[in-house]
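Student:
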Amino acid sequence: MLIHMMVRFFQLRAWLLLLLGCMGIFLSDAVKAAESESFSNPAVTARLISAEDGIAPDAASVSLGLALEYGEGWKGYWRTPGEVGLAPEIDWSGSTNLKSAELLWPAPKRFEAFGIENFGYSGRVVLPIRARLEDAGHPLELRARVSLLTCSTVCVPHDFELSLALPQGFGIDTNSARQIANYADRVPAVPENSDIMISVTALDARDSALIVVATSDTPFGEVDVFPEFGPLVTFGKPDIRLDRDRTELWAQIPINAWTEEHAEPSVTITDTARAITAPITLTSDPPAPPFSSANPRASVLKVMAVAAIAFLGGLILNVMPCVLPVLSIKLTSVLKATGQTRQMTRNGFLFSALGVLTFVWALAAALVFLQWIGVSVGWGIQFQNPVFVTLMFMVIAVFAANLLGAFEITLPAALQDRLGASSARAGYISDFGTGLLAAILATPCSAPFLGTAITFALAGTPLDVMVIFTALGLGLALPYLVIAARPELVTRMPRPGRWMLLVRILLGGLLLATAAWLLFVLVGVAGARVAAFISALTAVFIIAASIPRANRWARRAVLSACVLLAIFGAGLISTPDRTIAAVDAMSHWQDFDPLRIARYVSEGETVFVDVTADWCLTCKANKSLVLDKDPVRARLRGGSVIAMQADWTKPDDAIARFLERHDRYGIPFNIVFGPGAPSGIALPEILTPQAVLGALDAASMRSLVSE
Amino acid sequence: MDSKKRSTLLTIGVIIAGYAALRTVPSLLPEKLELQALDRPEGFRKFVAGETSGGFDPFFGLGTADSTEVAAQKAAALERVSENICSALYGGLTPTPTQVPMASFSDYYCPFCRVQTKRLADMTSEMPDKIAVAWHELPLLGDSSNLAAKAALAAKRQDAYVAFHERLMTTPFQASPEYLARLSDDIGVDSKKLITDMGSAEITRELEDSAALARVFAFVGTPALVIGRTVVQGQISDRTVREIIELEREEGWRDVGTAA
Chain A
1 MLIHMMVRFF QLRAWLLLLL GCMGIFLSDA VKAAESESFS NPAVTARLIS AEDGIAPDAA
61 SVSLGLALEY GEGWKGYWRT PGEVGLAPEI DWSGSTNLKS AELLWPAPKR FEAFGIENFG
121 YSGRVVLPIR ARLEDAGHPL ELRARVSLLT CSTVCVPHDF ELSLALPQGF GIDTNSARQI
181 ANYADRVPAV PENSDIMISV TALDARDSAL IVVATSDTPF GEVDVFPEFG PLVTFGKPDI
241 RLDRDRTELW AQIPINAWTE EHAEPSVTIT DTARAITAPI TLTSDPPAPP FSSANPRASV
301 LKVMAVAAIA FLGGLILNVM PCVLPVLSIK LTSVLKATGQ TRQMTRNGFL FSALGVLTFV
361 WALAAALVFL QWIGVSVGWG IQFQNPVFVT LMFMVIAVFA ANLLGAFEIT LPAALQDRLG
421 ASSARAGYIS DFGTGLLAAI LATPCSAPFL GTAITFALAG TPLDVMVIFT ALGLGLALPY
481 LVIAARPELV TRMPRPGRWM LLVRILLGGL LLATAAWLLF VLVGVAGARV AAFISALTAV
541 FIIAASIPRA NRWARRAVLS ACVLLAIFGA GLISTPDRTI AAVDAMSHWQ DFDPLRIARY
601 VSEGETVFVD VTADWCLTCK ANKSLVLDKD PVRARLRGGS VIAMQADWTK PDDAIARFLE
661 RHDRYGIPFN IVFGPGAPSG IALPEILTPQ AVLGALDAAS MRSLVSE
Chain B
708 MDSKKRSTLL TIGVIIAGYA ALRTVPSLLP EKLELQALDR PEGFRKFVAG ETSGGFDPFF
768 GLGTADSTEV AAQKAAALER VSENICSALY GGLTPTPTQV PMASFSDYYC PFCRVQTKRL
828 ADMTSEMPDK IAVAWHELPL LGDSSNLAAK AALAAKRQDA YVAFHERLMT TPFQASPEYL
888 ARLSDDIGVD SKKLITDMGS AEITRELEDS AALARVFAFV GTPALVIGRT VVQGQISDRT
948 VREIIELERE EGWRDVGTAA
């Protein structure tokens with residue numbers, strides 16, 4: 001009996017459980033009723049979801065969401081899709097009891113493909129919808145006709161209908177509500193509800209970029225800036241900079257297409273987990289970039305380590321072809337000076353070292369100032385200035401003429417008397433000048449190690465810049481300092497004699513070669529006409545200086561006229577002239593186009609980029625010793641590598657930005673991109689065939705695998 | 708315990724590595740010229756690029772809820788192009804025996820089309836003896852696409868298709884009369900004629916033909932290409948395009964077309 005009862009009891013329980021189970025299924029069906037059937041294909045799965053299971057009495061609004069799940073590799077678009085693309089659209093006609101439906105847009109991500117900027121979503125996203133009812137508390141029937149565009153390697157438009165009925169009733173679909181709330185949180189806030197404040201929005205001086213400045217009490221993390229000016233205005237990739245505390249943001253967004261008849265502009269700033277959208281008014285005063293980069297403060301140890309590298313780099317600069325001729329000037333002056341006291345020799349070399357340091361300090365101060373006012377600076381860019389190159393050419397040409405015996409640089413009689421009487425004070429001025437010249441001429445030779453040090457300095461604080469440049473100067477001045485410490489080294493040099501004439505001619509020849517190089521640079525910077533004009537003026541200058549017994553005042557007038565004409569001539573009539581480049585039209589080098597690099601790499605190509613300039617002697621050495629020699633030349637020409645050359649002889653913003661992006665401020669700069677190294681393998685300043693081939697192999701790894 | 712932990716870690720590591728290899732290795736391999744013969748249209752074959760092979764409604768935007776009149780027009784267009792697919796695809800071209808004809812289908816609002824049309828144009832000027840391209844407008848992305856396509860075809864009537872194309876590919880399009888007038892001035896065409904032509908039956912017919920061709924080839928989106936008798940959906944690398952061109956040249960694309 002008992003057993004029978006127990007069996008009955010368990011049977012009953014089983015029935016009960018079954019019943020509950022069925023109810024559970026029913027209940028879960030009721031829960032699922034808060035979402036529409038889904039539209040699905042490989043690109044996207046879409047559903048309409050609702051936070052409420054039913055319309056409560058007196059409820060005037062409902063929280064809805066368009067839940068989208070993009071397939072792998074597919075993406076969809078934000079309300080402003082970017083350069084091209086289409087934002088999702090929902091047509092609600094056919095719905096009943098719907099007064100309005102407002103689509104909210106969670107903060108987008110930036111997609112960049114082949115230089116085209118797009119904003120949107122990938123993976124999962126829910127677009128929250130704020131719906132208002134015609135009649136509060138009455139059932140809602142939704143018919144949403146959705147059009148959206150998805151792109152992977154093909155752009156597929158979708159046009160589908162989703163329907164959802166919400167009867168009268170209570171209850172929250174917690175799952176849907178959570179999803180909607182989650183994504184509603186990612187919808188950019190209004191400025192009042194955020195500590196991000198946009199302080200300035202202005203067009204830059206050339207109307208080619210939008211500048212946005214914003215501040216935030218909480219430090220910025222991963223920031224992006226999306227301006228919206230309506231469908232006809234499009235922007236490129238922003239240059240975003242943060243200050244050291246990461247609480248101030250400066251962004252420059254290049255304008256790709258512009259019209260005055262734009263919609264009411266707004267700017268959205270997205271940060272790691274927060275975002276704002278604020279309406280903006282353009283002001284006419286664009287603020288300059290305040291920060292060079294968002295690098296954190298470097299430790300003292302690191303600064304010292306980099307200073308050591310800079311010292312070594314400076315020392316090596318002495319044997320670079322640009323500085324060697326200047327050492328030669330110094331050498332001849334020592335050889336000529338007979339009977340100098342130990343003290344005089346020591347002082348002379350100390351003054352030369354001081355000359356080197358003075359230039360380096362002046363350069364550092366100028367760089368700090370330029371950084372402070374927001375100019376992008378680089379090592380050696382003064383060689384992009386025609387006036388500077390002109391002056392350098394004239395100075396070197398006159399020195400060469402002097403060494404080759406065209407004339408003697410004589411000091412005024414009064415000074416000569418004093419010279420004879422006391423110490424060689426005027427001689428010290430020339431010693432100082434020698435050091436100065438050596439340092440000036442060293443700048444276009446970015447020696448090994450120097451690139452790293454200068455890059456570090458230019459990205460650091462003013463103090464970092466000073467420390468590192470001083471170390472660089474000390475390295476460069478080391479030969480002078482060594483002789484200053486042991487002046488007797490000079491006495492070990494051979495006694496004066498006829499052989500000195502030979503040395504003089506040899507060194508004069510070296511200087512003449514330097515002058516020829518500078519003239520070549522001038523042709524690139526200012527044009528062949530200017531170079532011819534400057535050479536003529538320099539010739540007149542040298543002839544005027546070498547005519548014996550000419551009227552002193554007439555000579556001075558001619559010399560000054562030559563210098564003034566040269567300076568103004570170079571500044572005013574310089575015209576870009578690239579006839580030299582045209583000669584190479586048939587070469588394997590392509591013009592530099594940074595936007596194409598990503599495209600080529602995505603196609604499996606390997607790209608070799610060579611940033612060079614006429615004034616960069618190290619670049620020339622790299623070219624003739626490595627790049628234009630087999631096996632590297634054969635590899636670059638073979639068709640498996642795309643070789644791009646960026647000519648920085650004259651200022652070029654795109655090249656400067658490219659260098660800056662790779663944390664370089666000077667050239668030569670060579671970098672290899674490829675499937676194996678999409679963000680590039682930077683090569684050392686001085687190339688070796690092994691380094692180039694190794695980088696090419698590593699970058700093209702994927703294509704090697706495929707072969 | 709330790710060795711157990713180690714082996715667990717090892718297993719997890721192997722699984723992760725295996726997964727990573729599975730995910731990355733196929734993408735590291737080159738795109739192979741995997742070609743699949745098509746039943747319809749006969750004589751053509753499809754380049755199988757992978758992802759976009761199935762699951763889409765291939766007739767999107769090609770008229771599902773049209774009025775009877777529009778549906779009839781579309782049916783007529785379908786019949787028209789089906790009669791001689793090759794002449795519909797490459798009608799405007801007179802390729803030399805060494806040239807492979809190519810038909811490009813694009814939309815101004817599709818990001819990849821910008822890139823692909825530019826690259827195809829570059830490729831054509833690079834090897835004019837090997838390829839000739841017929842440009843088809845396939846505006847699938849709404850009204851703006853449609854207007855841009857019509858304007859491009861109208862510009863073609865004044866021999867300014869390439870200039871117009873280049874201009875559109877760098878700026879967004881707006882079809883207001885002022886914008887079109889300014890654009891016409893910029894590219895040196897008669898704006899009145901451009902606007903009149905945009906509404907012409909001839910251009911409507913050309914767009915209908917392109918849409919019908921897209922339907923014949925079951926294109927699900929843009930960009931799309933037909934190189935000789937090889938059908939390609941989506942953006943592919945220059946290298947693959949060149950490989951297909953070479954293959955077509957070797958095999959002689961001229962054998963096709965008569966079948967349809």
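Chains A and B, in that order, are what the protein sequence lines are.
Per the numbering used here, the very first residue in the first sequence carries number 1; after that it's consecutive.
Per the numbering used here, the very first residue in the second sequence carries number 708; after that it's consecutive.
The beta carbon of each residue, even a glycine, is placed where N, CA and C say it ideally should be.
At least one CB of chain B closer than 9 Å to the CB of A/G85: is that the case?
Tutor: Answer yes: the Cβ-Cβ gap between A/G85 and chain B drops below 9 Å somewhere.
Student: Give a yes or no on whether the C-beta atoms belonging to B/A919 and B/A784 are separated by under 9 Å.
Tutor: Closer than 9 Å, so yes.
Student: Which of the three DSSP states, helix, strand or coil, is assigned to B/M834?
Tutor: Looking at B/M834 - three-state DSSP - the assignment turns out to be coil, as it is neither helix nor strand.
Student: Among the residues of its own chain, which have a CB less than 6 Å from the CB of A/W589, if the five just before and after it don't count?
Tutor: A643, Q645.
Student: Tell me whether B/L936 is buried or exposed, calling it buried when 16 or more other Cβ atoms sit within 10 Å of its Cβ.
Tutor: Residue identity differs from the one stated: residue 936 of chain B is Arg in this sequence, not Leu. Burial call: buried.
Student: Name the one or two DSSP bridge partners that A/G82 has.
Tutor: DSSP lists A/N118 as partners of A/G82.
Student: For the candidate residues B/A810, B/A779, B/I722, whose alpha-carbon lies nearest to that of B/V939?
Tutor: Closest option to B/V939, Cα to Cα, is B/A810.
Student: Within this structure, are the beta carbons of A/A251 and A/F229 separated by less than 9 Å?
Tutor: No. Outside cutoff.
Student: Give the DSSP-derived three-state secondary structure of A/T215 in the structure shown.
Tutor: Strand at A/T215.
Student: Inspect the beta-carbon positions of B/M905 and B/L854 and report whether they are closer than 9 Å.
Tutor: Their beta carbons are under 9 Å apart, which means B/M905 touches B/L854 by this criterion.
Student: For a contact defined as C-beta to C-beta under 8 Å, what are the partners of A/A232 on chain B?
Tutor: Sequence inspection shows Leu at residue 232 of chain A; the Ala mentioned does not correspond to that position. Going along chain B in sequence order, the residues near A/L232 (Cβ under 8 Å) are T878, P879, Q881.
Student: If you compare alpha carbons, which of A/G355, A/E261, A/A545 is closest to B/E885?
Tutor: The shortest C-alpha separation from B/E885 is found at A/E261.
Student: For B/V948 and B/I934, which I take to be in contact (beta-carbon distance under 8 Å), what is that distance rounded to the nearest angstrom?
Tutor: Right, their Cβ atoms sit about 7 Å apart.
Student: What residues are listed by DSSP as bridge partners for A/K75?
Tutor: For A/K75, which the question treats as bridged, DSSP gives the partners A/S122, A/C151.
Student: Tell me the rounded alpha-carbon separation between A/A275 and A/A46.
Tutor: When rounded, the distance between both Cα atoms is 25 Å.
Student: Between B/F754 and A/L687, what straight-line distance do the alpha-carbon atoms span, to the nearest angstrom?
Tutor: Taking the straight line from one Cα to the other gives about 43 Å.
Student: Quick one: residues in its chain with C-beta nearer than 7 Å to the C-beta of B/V788, no 5 flanking neighbours on either side, listed in chain order?
Tutor: A795, D916, A919, L920, V923.
Student: Which residues does DSSP list as the beta-bridge partners of A/I681?
Tutor: In the DSSP output, where bridge partners are listed per residue, A/I681 has A/V672.
Student: Which of the residues in the region 917–949 of chain B, read from start to end, lie with their CB under 8 Å from any CB of chain A?
Tutor: Taking 8 Å as the Cβ-Cβ cut-off against chain A, the residues of the region 917–949 of chain B that qualify are V927, G928, T929, P930, A931, Q940, G941, Q942, I943, S944, D945, R946.
Student: If you measure beta-carbon to beta-carbon, which residues of the region 842–876 of chain B are closer than 7 Å to chain A?
Tutor: Hits within the stretch, in order: L847, L848, G849.
Student: Have a look at A/D464, A/L518, A/V190, A/S284 and flag the residue whose alpha-carbon is nearest the alpha-carbon of A/V395.
Tutor: Checked all of A/D464, A/L518, A/V190, A/S284; the closest Cα to A/V395 is A/L518.
Student: In three-state terms, what does DSSP make of B/P818?
Tutor: Here B/P818 sits in helix by DSSP.
Student: Which value, in whole angstroms, describes the spacing of the CA atoms of B/R912 and B/Q780?
Tutor: Straight-line Cα distance between these residues: approximately 9 Å.
Student: Can you tell me which of the three DSSP states A/N712 falls into?
Tutor: Past the edges of chain A, shown from 1 to 707, lies residue 712 of chain A, and the structure says nothing about it.
Student: Using a Cβ-Cβ cut-off of 7 Å (strictly less than) and excluding sequence neighbours within five positions of A/P254, which residues of its own chain qualify?
Tutor: Result list for A/P254: S208, A209, F235, G236, in chain order.
Student: For the region 82–95 of chain A against the region 188–208 of chain A, are there 3 or more C-beta pairs whose distance is under 8 Å?
Tutor: The region 82–95 of chain A vs the region 188–208 of chain A: no contact.
Student: Check whether the Cβ atoms of A/Q168 and A/G137 sit closer than 9 Å, and answer yes or no.
Tutor: Yes. Within cutoff.
Student: If the criterion is Cβ atoms closer than 9 Å, does the pair A/F349 and A/I240 meet it?
Tutor: No, these two residues do not count as a Cβ contact at 9 Å.
Student: Is B/D893 near B/R874, with beta carbons less than 9 Å apart?
Tutor: Yes.
Student: Please state whether the Cβ-Cβ distance between A/V601 and A/V609 is less than 9 Å.
Tutor: Their beta carbons are not under 9 Å apart, which means A/V601 does not touch A/V609 by this criterion.
Student: Tell me the DSSP secondary structure of A/P689 in three-state form.
Tutor: Helix at A/P689.
Student: When the Cα atoms are used, what is the spatial distance from A/G123 to A/G94?
Tutor: About 30 Å.
Student: In terms of residue numbering, what span does the alpha helix (DSSP H) encompassing B/Q940 cover?
Tutor: Note, B/Q940: premise wrong, no alpha helix (DSSP H); beta strand (DSSP E) at 937–940.
Student: Just the C-alpha distance for A/L48 and A/L463, rounded to the nearest angstrom, thanks.
Tutor: Approximately 59 Å, taken between the alpha carbons.
Student: Contact check, B/V869 vs B/K837 under 8 Å by CB: the rounded distance?
Tutor: Their Cβ separation, rounded to whole angstroms, is 19 Å, which puts B/V869 and B/K837 out of contact at 8 Å.
Student: How far does the alpha helix (DSSP H) with B/I792 in it reach, from first residue to last?
Tutor: 792–797 is the span of the alpha helix (DSSP H), which, as asked, contains B/I792.
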